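For the sequence shown, the residue numbers in mature numbering (1 follows the signal peptide of the UniProt record, and there is no 0) are -20 to -1, 1 to 226.
First the structure, in the form of C-alpha cells, and then the observations on it.
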Amino acid sequence: MAGFMLVCGVAACTTMTVFQVKTPYGRYTRPGWGPLVPARLAWILQEAPTPVIAIALLAQRNVSKLDPPSVAHILLVVHYIHRAFIYPLGIRNGKPTPVVVMALAFTFCSYNGFLQGTMLKELEGRVAWSLLTIAGLGVMLFGAYHNVLADYTLRSLRRTSSSAQRYVAPPNVGLFTWVSGANFLGEIVEWSGYAMLCGGALPAVAFAAFTALNIGPRAVHHHADYCKKIDGYDALGRTAIIPFLL
C-alpha cells in the first residue's frame, strides 16, 4: 500500500514537471474538468475522511503512555481537524473545485487516513523515544507552525488586497523570507518530521515523500507566476520551495 502511494507521487510529480500540468484547483481552476463544487464545501468533503478514520482508530488504542506513535497519531488528528473543519471556514470567494479533483483528493484522504491510522496502531509499543523520534517531534512541530503561519499570512493578504491586485508578494514572514511556497515547505517539513517520529516506518515515509512530490511542483508553478506577474519580485531573492536551491 505504501509503495503504491510512492508510485502515485512519482507519477504526479513527473506529470506536473515534465508536461507543466497545473492541478486545476485554486488559482489554476479551468474549464474542461467537469462540474464545479464550491471551494469551501469541496475542501471539507475531500479532507474529512482522514480525521474521521484517524479518530476512529485512535479510539482503539491506549495513548496514556504517550509513546512516539501515540503522539504522532494525536498530531495527525489535530492537523486534519484543522485542515478539514477549521481552515475551510475562512475561505471566501475561493474558486470552485472540479468534482474530479475533489473525488481524487477524497480517495487519497480515505486511503491515507486508513494507512496511517493502521500503521500507528500497529506501531504501539514498538517505537520508543530516541534521538530520531525526539528530533522528529521537533521537526514536525516546526513544520506545522510554519505551514499554518504561511496559510494565514496568505489569507490575510487576499483579504487586504484590492480586486485589481490578483498577485501580491507575500511579506517576509516565516519561511516566506526564503521561499515563495512557504506553506508547501512547511507541510513537507511537517510530514518529514512525522516520518521520523514514527521511527522511519514505510507508510509514514511514503506519505512524506508523496506530499513533497505532489505539492513541490505546485510551489514551483506559484513561484513562476509571482516572478512573471509581480514587478520586482526577483529582487526579493526567494526560491520556489528549497531555500537558495530550488
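The C-beta atom is built at its ideal place from N, Cα and C for all residues, glycine as well.
Quantities reported herein were computed from a predicted structural model and do not represent experimental measurements.
Backbone secondary structure at Val159 - three-state DSSP: Here the question's residue 159 lines up with position 179 in the sequence shown. It is a strand residue.
Cβ-based burial, Asp47 [other Cβ within 10 Å; buried from 16]: Residue 47 sits at position 67 when you count from the first residue of the sequence shown. Buried is the call here.
Chain-order list of residues whose beta-carbon lies under 6 Å from that of His201 (same chain, five-residue window excluded): On the sequence shown, residue 201 is found 221 positions in, with the first residue counted as 1. Answer for His201: Lys2, listed in chain order.
Whether Ala19 touches Pro78 by CB criterion (8 Å): Numbered from 1 along the sequence shown, position 39 holds the residue referred to as residue 19. Numbered from 1 along the sequence shown, position 98 holds the residue referred to as residue 78. It is not a contact, given that the beta carbons lie outside the stated cut-off.
Beta-carbon separation (whole angstroms), Ala220 vs Val159, contact threshold 8 Å: In the sequence shown, residue 220 corresponds to position 240, counting from 1. In the sequence shown, residue 159 corresponds to position 179, counting from 1. So it is a contact: roughly 6 Å between Cβ atoms.
Sequence-distant residues of its chain with Cβ nearer than 7 Å to Ala120 (five each side left out): What you label residue 120 is simply residue 140 of the sequence shown in a count that begins at 1. In the sequence on display, residue 120 carries Met and not Ala. If we look at Met120 and ignore the five residues flanking it on each side, its Cβ neighbours are Leu55, Glu170, Gly173, Tyr174 and Leu177.
Straight-line gap, His59 to Ala124 (C-alpha atoms, nearest Å): As a first step, residue 59 is located in the sequence shown; it is residue number 79 there, counting from the start. As a first step, residue 124 is located in the sequence shown; it is residue number 144 there, counting from the start. C-alpha separation (whole angstroms): 8 Å.
Segment contact, 8 Å Cβ cut-off, at least three pairs: the segment 204 to 222 with the segment 21 to 31: no
Ala153, enclosing alpha helix (DSSP H) - first and last residue: Position 173 of the sequence shown, counted from the start, is the residue given in the question as residue 153. The identity of residue 153 in the sequence shown is Val, whereas the question assumes Ala. Val153 -> no alpha helix (DSSP H), and no H or E assigned at all.
Closest by C-alpha distance to Tyr147, when choosing among Ala215, Tyr8, Ser44 and Lys209: The residue given as residue 147 occupies position 167 in the sequence shown. Of the candidates Ala215, Tyr8, Ser44 and Lys209, the one whose C-alpha sits nearest the C-alpha of Tyr147 is Lys209.
Residues bridged to Leu55 [DSSP beta-bridge criterion]: Working through the sequence shown from its first residue, we reach residue 55 at position 75. Paired residues: none, contrary to the question.
Continuous alpha helix (DSSP H) stretch holding Asn127: start and end: As a position in the sequence shown, residue 127 is number 147, starting the count at 1. Element bounds for Asn127: Leu111 to Thr140.
Length of the line joining the Cα atoms of Phe86 and Thr191: Counted from its first residue, the sequence shown places residue 86 at position 106. Counted from its first residue, the sequence shown places residue 191 at position 211. If I take the Cα positions, the gap works out to 15 Å.
Proximity to Asp205 [Cα-Cα], best of Pro68, Leu103 and Pro150: Counting from one through the sequence shown, the residue named residue 205 turns up at place 225. It is Pro150 whose Cα lies nearest to the Cα of Asp205.
For Ala215 and Cys207, the rounded distance between their alpha carbons: If you number the sequence shown from 1, residue 207 lands on position 227. If you number the sequence shown from 1, residue 215 lands on position 235. Cys207 and Ala215: Cα-Cα distance of roughly 9 Å.
Sequence-distant residues of the same chain with beta carbon closer than 6 Å to Ala22, five excluded per side: The residue you call residue 22 lines up with position 42 of the sequence shown. Cβ within range, chain order: Thr77 and Met82.
Three-way DSSP call (helix, strand, coil) for Thr30 in this model: As a first step, residue 30 is located in the sequence shown; it is residue number 50 there, counting from the start. Thr30 falls in the helix class under three-state DSSP.
Cβ-Cβ separation, Leu103 to Ala181 (assumed contact under 8 Å), whole Å: One-based indexing of the sequence shown puts residue 181 at position 201. One-based indexing of the sequence shown puts residue 103 at position 123. Going by Cβ atoms, the distance from Ala181 to Leu103 rounds to 6 Å, so yes, they are a contact pair.
Cβ pair Phe164, Arg198 closer than 8 Å: Taking the first residue of the sequence shown as position 1, residue 164 is located at position 184. Taking the first residue of the sequence shown as position 1, residue 198 is located at position 218. In contact: Phe164 and Arg198 (Cβ atoms closer than 8 Å).
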